[in-house]
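Trainee: Dropping a structure here in structure tokens format, bear with me for questions.
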Amino acid sequence: MKEQLTELIRNAVERAFAEGKLASGQTPPINIEKPANEEHGDYAVNVAMQMAKAEKKPPRAIAETIVGCIDDRQGILAAVEIAGPGFINFRIRPEAWLKTLGVVEAEGEDFGKSNVGAGQKVQVEFVSANPTGPLHIGHGRGAAIGDTVCRLLVATGWDVTREFYYNDAGAQIANLALSVQARCLGIEPGDTRWPLDGYQGEYIKDVAKAYLAHETVNADDQHVTAAGDPNDLAAIRRFAVAYLRREQDQDLQAFDVHFDVYYLESSLYEEGRVDAVVRRLVESGYAYENEGALWLRTTDFGDDKDRVMRKADGSYTYFVPDVAYHLAKWERGFVRVVNEQGADHHSTITRVRAGLQALDAGIPKGWPEYVLHQMVTVMRGGEEVKISKRAGSYVTLRDLIDEVGRDVTRYFFVMRKPDSQLVFDIDLAKQQSLDNPVYYVQYAHARICSIYENAREKGVTVPEYKDADLTRLGTPEELAIVKALASFPETVEGAALNFEPHRVTYYLQELAGLFHSFYNKNRVITEDEGLTVARLFLLKCIAQALKNGLAMLGVSAPERM
RNA sequence: GCGCCUGUAGCUCAGCUGGAGAGAGCAACGGCCUUCUAAGCCGUGGGUCAGGGGUUCGAAUCCCUUCAGGCGCGCCA
Numbered sequence: 000m001k002e003q004l005t006e007l008i009r010n011a012v013e014r015a016f017a018e019g020k021l022a023s024g025q026t027p028p029i030n031i032e033k034p035a036n037e038e039h040g041d042y043a044v045n046v047a048m049q050m051a052k053a054e055k056k057p058p059r060a061i062a063e064t065i066v067g068c069i070d071d072r073q074g075i076l077a078a079v080e081i082a083g084p085g086f087i088n089f090r091i092r093p094e095a096w097l098k099t100l101g102v103v104e105a106e107g108e109d110f111g112k113s114n115v116g117a118g119q120k121v122q123v124e125f126v127s128a129n130p131t132g133p134l135h136i137g138h139g140r141g142a143a144i145g146d147t148v149c150r151l152l153v154a155t156g157w158d159v160t161r162e163f164y165y166n167d168a169g170a171q172i173a174n175l176a177l178s179v180q181a182r183c184l185g186i187e188p189g190d191t192r193w194p195l196d197g198y199q200g201e202y203i204k205d206v207a208k209a210y211l212a213h214e215t216v217n218a219d220d221q222h223v224t225a226a227g228d229p230n231d232l233a234a235i236r237r238f239a240v241a242y243l244r245r246e247q248d249q250d251l252q253a254f255d256v257h258f259d260v261y262y263l264e265s266s267l268y269e270e271g272r273v274d275a276v277v278r279r280l281v282e283s284g285y286a287y288e289n290e291g292a293l294w295l296r297t298t299d300f301g302d303d304k305d306r307v308m309r310k311a312d313g314s315y316t317y318f319v320p321d322v323a324y325h326l327a328k329w330e331r332g333f334v335r336v337v338n339e340q341g342a343d344h345h346s347t348i349t350r351v352r353a354g355l356q357a358l359d360a361g362i363p364k365g366w367p368e369y370v371l372h373q374m375v376t377v378m379r380g381g382e383e384v385k386i387s388k389r390a391g392s393y394v395t396l397r398d399l400i401d402e403v404g405r406d407v408t409r410y411f412f413v414m415r416k417p418d419s420q421l422v423f424d425i426d427l428a429k430q431q432s433l434d435n436p437v438y439y440v441q442y443a444h445a446r447i448c449s450i451y452e453n454a455r456e457k458g459v460t461v462p463e464y465k466d467a468d469l470t471r472l473g474t475p476e477e478l479a480i481v482k483a484l485a486s487f488p489e490t491v492e493g494a495a496l497n498f499e500p501h502r503v504t505y506y507l508q509e510l511a512g513l514f515h516s517f518y519n520k521n522r523v524i525t526e527d528e529g530l531t532v533a534r535l536f537l538l539k540c541i542a543q544a545l546k547n548g549l550a551m552l553g554v555s556a557p558e559r560m
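Spelled out as structure tokens, the structure:
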């Protein structure tokens, strides 16, 4: 609908130019918006105001001219008015609105999708937790946002690769191996032989026990049988990584999050990519030696200080493999790369981009893109639950899913703009009431299914578009629903474009609210067969939109609650 | 001290990339079930959009600044 109207206006402006009624010859971008006030119609456009300067005419006069040039061949307009400082307000004919329901049926599960991505490759990296412990709440938010962004990109026509990157060989992993080894040998935290900054969590004991028992673990990307020898540190490391990767996989599966690629930091070293990147950076002239270390002049690319690449001890800082990894992404042909990560790592953005620019590899300045999410605080019984890895008091993602369910967890994590901090209220999440927006939306879907059931018992089947006489619909509540349905694709597109899944949750709550309101005011199944069929069809469209929207969030649409 | 994020109703938060007397949910108060799920609906009250400047025909939205909160500022990842 919005698109049709945009064309109509653009044509009108161009016709005005062609007929010499307007002089500037420059068509500004047509911004159509939905006025907050209903008296201002269904849509409003501000072109006349935007053109005022170039035309050297008052906006209202320009508006008059444009309106005079509108050629509404399809007859979608009921009224056009010029209002306020120069807005052109449009009212769409109810029949035109109702026609959009045909689209909902025709597209079915695809309703809401579009093809702005045109099948181009995009890679989304998210979670990327190191295998040193179970996934915690922060990873959960990242997983929910990242996966939803992927679903939204798929829905808007992109060819999406989901990728998980992790460090399987660095200092932290060495520390992990030492911690497991200590447990194998019966050493406890606090013991003088306990490794410095060792991982103290209970789960380390489980890893040690499994290792000593020669267990075999199969993770998505790791398959290792334990050697069982507490003196073989390398074997312990391999086993511990696989074990904890498997744990994380189970968490992710419980969350319905799946990856296409697991990328190992160690492979960057094995394939010589890290050395190659350092060489290229030295050749490009942005590197220099100082105090025994090799530095990169990242300040040339907006960083606030230069960064060390190779430490005095000869090893690399983490940011070098990071650059190598992103160069590899670029070479794999991703025109777009999106990194979803916690905002506490935001300083890596400048560094990674600076490193890539210093390569002179023709990588665009703003590549890769980032979605950063702010911290999550967990509340239970009105008190904050502290998350401390070292102390072992630990709210894991799996604990949360087990306690409140996958649907609620996913929904809550994407309910807020990633930029704002999130308070996860476990008590609220567990409530099966109107306080809980997930159930509110799901209930609308279930309610519609229940009405279907009822209709079936009375011998009425769910109708198709061609069976329904939609002119029977026309109450304000019904039209409000139809208009909301028509705006679903725009909502999805906006959410995908801005990496803002919360827009979908707000949309769904609004649509569910419109339905509940309609339901309380009207009966669907009545003696009036024509009206019954028309309304059943409207409900079918609502259910479709709810289901499709929930699917984009990875949340189920139950038929019964 | 510097960088990023945030500041909107008592609480939790939207505000469609600058539009037309500022919205939703919860909480408070008052109503609606012999009829398709009351896990629902309807109504009422509630605001210096943190403060101050600026740009603009027009600012919660953009720029500057002050204040408050969070995160980050390693030859850690």
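Per numbering that gives the first Met the number 0, the first sequence starts with residue 0, numbered consecutively. For every residue, glycine included, the Cβ atom is placed at its ideal position computed from N, Cα and C. Here the structure is a predicted model, which is why all the values come from computation and not from measurement.
#1: Using a Cβ-Cβ cutoff of less than 7 Å, which residues in the same chain neighbour Gly-24 once the five nearest sequence positions on both sides are dropped?
#2: The beta strand (DSSP E) spanning Lys-158 covers which residue range?
#3: So Tyr-451 and Ala-511 are supposed to be a Cβ contact under 8 Å. How far apart are they, rounded?
#4: Can the beta-carbon of Tyr-202 be found closer than 8 Å to that of Gly-132?
#5: Rounded to whole angstroms, what's the CA-CA distance from Ala-117 to Gln-420? Just pull it up for me.
#6: Would you identify the three-state DSSP class for Glu-104, choosing helix, strand or coil?
#7: Do the stretch 210-226 and the stretch 359-371 make contact, defined as three or more Cβ pairs closer than 8 Å?
#8: Tell me the rounded alpha-carbon separation between Asn-129 and Asp-406.
#9: By DSSP, does His-345 sit in helix, in strand, or in coil?
#10: Per DSSP, which residues does Gln-373 bridge with? Please list them.
#11: For a quick check, are the C-beta atoms of Thr-26 and Leu-552 less than 8 Å apart?
#12: Can you grab the Cα-Cα spacing for the pair Glu-382 / Asp-426, in whole Å?
#13: With burial defined as no fewer than 16 other Cβ atoms inside 10 Å of the residue's Cβ, what is the status of His-325: buried or exposed?
#14: Kindly indicate which three-state DSSP category Thr-224 falls into: helix, strand or coil?
#15: Given a threshold of 16 other Cβ atoms within 10 Å of its Cβ, counted over all protein chains shown, does Ile-65 qualify as buried or as exposed?
#16: Could you tell me the distance, in whole angstroms, from the CA atom of Gly-391 to the CA atom of Gln-199?
#17: For Ala-454 versus Phe-536, is the C-beta distance shorter than 8 Å?
#18: So the candidates are Ala-53, Asp-401, His-444; which of them puts its Cα closest to the Cα of Phe-254?
#19: For Leu-358 versus Ser-283, is the C-beta distance shorter than 8 Å?
#20: My guess is that Ile-447 and Ala-550 are in contact by the Cβ rule of under 8 Å, so how many angstroms apart are they, rounded?
#21: Taking the beta strand (DSSP E) that Glu-80 falls in, what are its first and last residues?
#22: Do you know how far the Cα of Leu-243 is from the Cα of Ile-136?
#23: When we look at the beta-carbon of Arg-409 and count the other beta-carbons within 10 Å, is it buried (16 or more) or exposed?
Mentor: With the given structure in hand:
#1: Phe-16
#2: Position check: residue 158 holds Asp in this sequence, whereas Lys was assumed. Looking at the DSSP string, the run of the beta strand (DSSP E) that includes Asp-158 is 158-165.
#3: Actually they are not in contact, since the Cβ atoms of Tyr-451 and Ala-511 sit about 17 Å apart, beyond 8 Å.
#4: yes
#5: 34 Å
#6: helix
#7: Too few Cβ pairs lie closer than 8 Å, so no.
#8: 25 Å
#9: coil
#10: Note: Gln-373 sits in no beta bridge, so no partner.
#11: no
#12: 11 Å
#13: His-325 should be labelled buried.
#14: strand
#15: buried
#16: Summary for Gly-391: the model assigns pLDDT 48, below 50, so the residue's position carries little reliability, and this model does not support an answer.
#17: no
#18: Asp-401
#19: yes
#20: Going by Cβ atoms, the distance from Ile-447 to Ala-550 rounds to 16 Å, so no, they are not a contact pair.
#21: According to the DSSP assignment, Glu-80 belongs to the beta strand (DSSP E) that extends over 76-82.
#22: 16 Å
#23: buried
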